[in-house]
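Right, one structure below, let's go through it.
Structure representation (structure tokens):
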């Protein structure tokens, strides 16, 4: 699998995967990305021109997708509408991209017999109680809460059906919340970091006790590459790094890292259907494929992420005003 096609490779976790693969292997990579607001060519700066190319296009374009599949050995599907708040205000693009787009890719995989890996989220499982000792496993029933997680759950089920019904050579991974460089400022951690840089107090939904299981994007990328190369066809693998933190803990770590009082944040009205806790049991990935995360120290990872946003204002500044305007309309 020397020639990879990566959909959504100009987005956050997609671009991280592209950088990771080109830095750690001899593979060539083609990125297919529509360049919506969440994608940026700047996220692909500095890549070797002899092993990388970019194609602007829509994953719902069957002719383009089938052509590109025929030119590659494997496809990693990152492209998705992924922001929960946006899915609540306008679910239509989520249905189109996450469901119709995945269907289009699966039909191309079926026609070309190309190896396919599908990137998904732990949000398809719903949420856990804060005091629940359990974690999500590959056997946890789906119970999505939002248009985003529902369409991702539907796309996962399409993949499973195309494996069983048509013999498509596919695997699925469901990952916990990612953080790191090149994440859009509408997302939780970069929004807080850039607000502090702008002298604005961070804001937390509800009581701030909602828990997420955080993983550095580089660890996600290394896990996906391991699954692509060694994973068993038809299997699902959960990707995590034992990174459970409440939103309040995360904001306080960010504030401390940036030299601010740890209580310098405000609570705002909670969003509808806000999941309480996510937690990933990634033992299958460890035991079957021998994978381990490298970024174990969350505080160190946050410090590196803060440093990146400090040093790359030209990357995030063009996004900031529009993202904050959307939050302001919602009173958040």
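Numbering (the UniProt record's numbering), first residue to last: 1 to 332. All residues carry an ideal CB built from backbone N, CA and C; glycine is no exception.
Are residue 172 and residue 120 closer than 7 Å when you measure CB to CB?
-> Here the question's residue 172 lines up with position 172 in the chain shown. Here the question's residue 120 lines up with position 120 in the chain shown. Taking the C-beta atoms as reference points, residue 120 is found nearer than 7 Å to residue 172.
Quick one, which of 105, 87, 205 and 46 has its alpha-carbon nearest residue 8's?
-> For the purposes of this step, residue 8 is identified with residue 8 of the chain shown, where counting begins at 1. It is 105.
Enclosing beta strand (DSSP E) for residue 244 [first to last residue] = Within the chain shown, numbered from 1, the residue matching residue 244 stands at position 244. From DSSP, the beta strand (DSSP E) with residue 244 extends over 244-246.
CB-CB under 6 Å to residue 182, same chain, minus the five flanking residues each way: which ones, in chain order?
-> Reading the chain shown from its first residue, position 182 is the one you call residue 182. Excluding positions up to five away in sequence, the list reads 12, 15 and 43.
By Cβ distance, which residues of its chain are closer than 8 Å to residue 229, with the 5 residues on each side in sequence left out?
-> For the purposes of this step, residue 229 is taken as residue 229 along the chain shown, with counting starting at 1. The residues are 1.
Between the Cα of residue 160 and the Cα atoms of 233, 100 and 226, which residue gives the shortest distance?
-> Within the chain shown, the letter at position 160 stands for residue 160. Checking every option, the nearest Cα to that of residue 160 belongs to 233.
How far does the alpha helix (DSSP H) with residue 304 in it reach, from first residue to last?
-> Position 304 of the chain shown holds residue 304. It spans 298-311 - the alpha helix (DSSP H) in which residue 304 sits, taken as one unbroken run.
Using DSSP with H/G/I as helix, E/B as strand and the rest coil, what is residue 140?
-> Translated into the one-based positions of the chain shown, residue 140 becomes position 140. Reduced to three states, the DSSP call for residue 140 is coil.
Continuous beta strand (DSSP E) stretch holding residue 156: start and end = Within the chain shown, the letter at position 156 stands for residue 156. Segment 147-166 is the alpha helix (DSSP H) holding residue 156; no beta strand (DSSP E) there.
Alpha carbon of residue 116 to alpha carbon of residue 329, nearest angstrom | Along the chain shown, one-based indexing puts residue 116 at 116. Along the chain shown, one-based indexing puts residue 329 at 329. Across the structure, residue 116 and residue 329 are spaced so that their CA atoms are roughly 40 Å apart.
Alpha carbon of residue 111 to alpha carbon of residue 317, nearest angstrom | Against the chain shown, residue 111 aligns to sequence position 111. Against the chain shown, residue 317 aligns to sequence position 317. Each residue's alpha carbon lies about 42 Å from the other.
Could you tell me if residue 58 is buried or exposed, where buried requires 16 or more neighbouring beta carbons within 10 angstroms of its beta carbon?
-> To locate residue 58, count along the chain shown from 1; it is residue 58. Residue 58 comes out buried.
Would you check if the region 286-304 and the region 244-257 touch, i.e. whether three or more CB-CB distances between them fall below 8 Å?
-> Contact holds between the region 244-257 and the region 286-304, because three or more Cβ pairs, one in each stretch, are under 8 Å apart.
From 293, 314 and 41, pick the residue whose C-alpha is nearest to that of residue 175; which is it?
-> Indexing the chain shown from 1 puts residue 175 at position 175. Checking every option, the nearest Cα to that of residue 175 belongs to 293.
Please go through the same chain and pick out, in chain order, the residues whose beta-carbon is closer than 8 Å to the beta-carbon of residue 99, but skip the five residues on each side of it.
-> Locating residue 99 in the chain shown gives position 99, counting from the first residue. Take residue 99, set aside five residues on each side of it, and the residues of its chain with a beta-carbon closer than 8 Å to its own are 151, 154, 155 and 158, in chain order.
Is the distance from the Cβ of residue 87 to the Cβ of residue 146 below 7 Å?
-> Numbered from 1 along the chain shown, position 87 holds the residue referred to as residue 87. Numbered from 1 along the chain shown, position 146 holds the residue referred to as residue 146. With respect to residue 146, residue 87 sits close: the two C-beta atoms are nearer than 7 Å.
Whole angstroms is fine: what's the gap from residue 177's alpha carbon to residue 212's?
-> Indexing the chain shown from 1 puts residue 177 at position 177. Indexing the chain shown from 1 puts residue 212 at position 212. Each residue's alpha carbon lies about 7 Å from the other.
Validate contact between the region 193-205 and the region 267-281 using beta carbons, cut 8 Å, 3 pairs = yes
Out of curiosity, what's the CA-to-CA distance linking residue 243 and residue 18?
-> Against the chain shown, residue 243 aligns to sequence position 243. Against the chain shown, residue 18 aligns to sequence position 18. Cα to Cα, residue 243 sits roughly 24 Å from residue 18.
Following the continuous alpha helix (DSSP H) through residue 132, name the residue where it begins and the one where it ends.
-> Here residue 132 corresponds to residue number 132 of the chain shown, with the count starting at 1. Premise fails: residue 132 is in no alpha helix (DSSP H) and is neither H nor E.
Among residues of its own chain, excluding the 5 on either side of residue 190, which ones have a beta-carbon nearer than 6 Å to its beta-carbon?
-> Taking the first residue of the chain shown as 1, we reach residue 190 at position 190. If we look at residue 190 and ignore the five residues flanking it on each side, its Cβ neighbours are 183.
Would you tell me roughly how many angstroms separate the C-alpha atoms of residue 23 and residue 221, rounded to the nearest one?
-> The residue you call residue 23 lines up with position 23 of the chain shown. The residue you call residue 221 lines up with position 221 of the chain shown. C-alpha separation (whole angstroms): 12 Å.
Can you give the beta carbon distance from residue 35 to residue 55, rounded, assuming they're within the 8 Å contact cut?
-> As a working mapping, residue 35 is identified with position 35 in the chain shown. As a working mapping, residue 55 is identified with position 55 in the chain shown. Rounded, the Cβ-Cβ distance is 11 Å, inconsistent with contact.
Mind checking residue 166: buried by the 16 CB within 10 Å criterion, or exposed?
-> The residue you call residue 166 lines up with position 166 of the chain shown. Exposed is the call here.
How many Å lie between residue 46 and residue 310 at the Cα?
-> Along the chain shown, one-based indexing puts residue 46 at 46. Along the chain shown, one-based indexing puts residue 310 at 310. Distance between the alpha carbons of residue 46 and residue 310: 19 Å.
May I have the straight-line CA-CA distance separating residue 295 from residue 219, to the nearest angstrom?
-> The sequence position of residue 295 within the chain shown is 295, counting from 1. The sequence position of residue 219 within the chain shown is 219, counting from 1. Answer to the nearest angstrom: the Cα atoms are 7 Å apart.
For residue 98, which three-state DSSP category applies?
-> Residue numbering aside, residue 98 sits at position 98 when the chain shown is read from its first letter. Of the three classes helix, strand and coil, the one that applies to residue 98 here is helix, per DSSP.
Mapping DSSP to helix, strand and coil, what is residue 25?
-> Residue numbering aside, residue 25 sits at position 25 when the chain shown is read from its first letter. Coil, per DSSP.
Option in 143, 67, 102 and 138 with minimal Cα separation from residue 273 = Locating residue 273 in the chain shown gives position 273, counting from the first residue. Ranking the options by Cα distance to residue 273, first place goes to 143.
Among residues of its own chain, excluding the 5 on either side of residue 95, which ones have a beta-carbon nearer than 7 Å to its beta-carbon?
-> Within the chain shown, numbered from 1, the residue matching residue 95 stands at position 95. Within the same chain, 151 come within 7 Å of residue 95 by CB-CB distance, once the 5 residues on both sides are set aside.
Using the Cα positions of residue 170 and residue 322, report the straight-line distance between them to the nearest angstrom.
-> Position 170 of the chain shown, counted from the first residue, corresponds to residue 170. Position 322 of the chain shown, counted from the first residue, corresponds to residue 322. Those two C-alpha atoms are separated by around 37 Å.
Would you kindly work out how many angstroms separate the C-alpha atoms of residue 89 and residue 123, rounded to a whole number?
-> Along the chain shown, read from residue 1 onward, the residue named residue 89 stands at position 89. Along the chain shown, read from residue 1 onward, the residue named residue 123 stands at position 123. Rounded to whole angstroms, residue 89 to residue 123 spans 18 Å at the Cα level.
Enclosing alpha helix (DSSP H) for residue 223 [first to last residue] | For the purposes of this step, residue 223 is taken as residue 223 along the chain shown, with counting starting at 1. Its alpha helix (DSSP H) spans residues 217-230.
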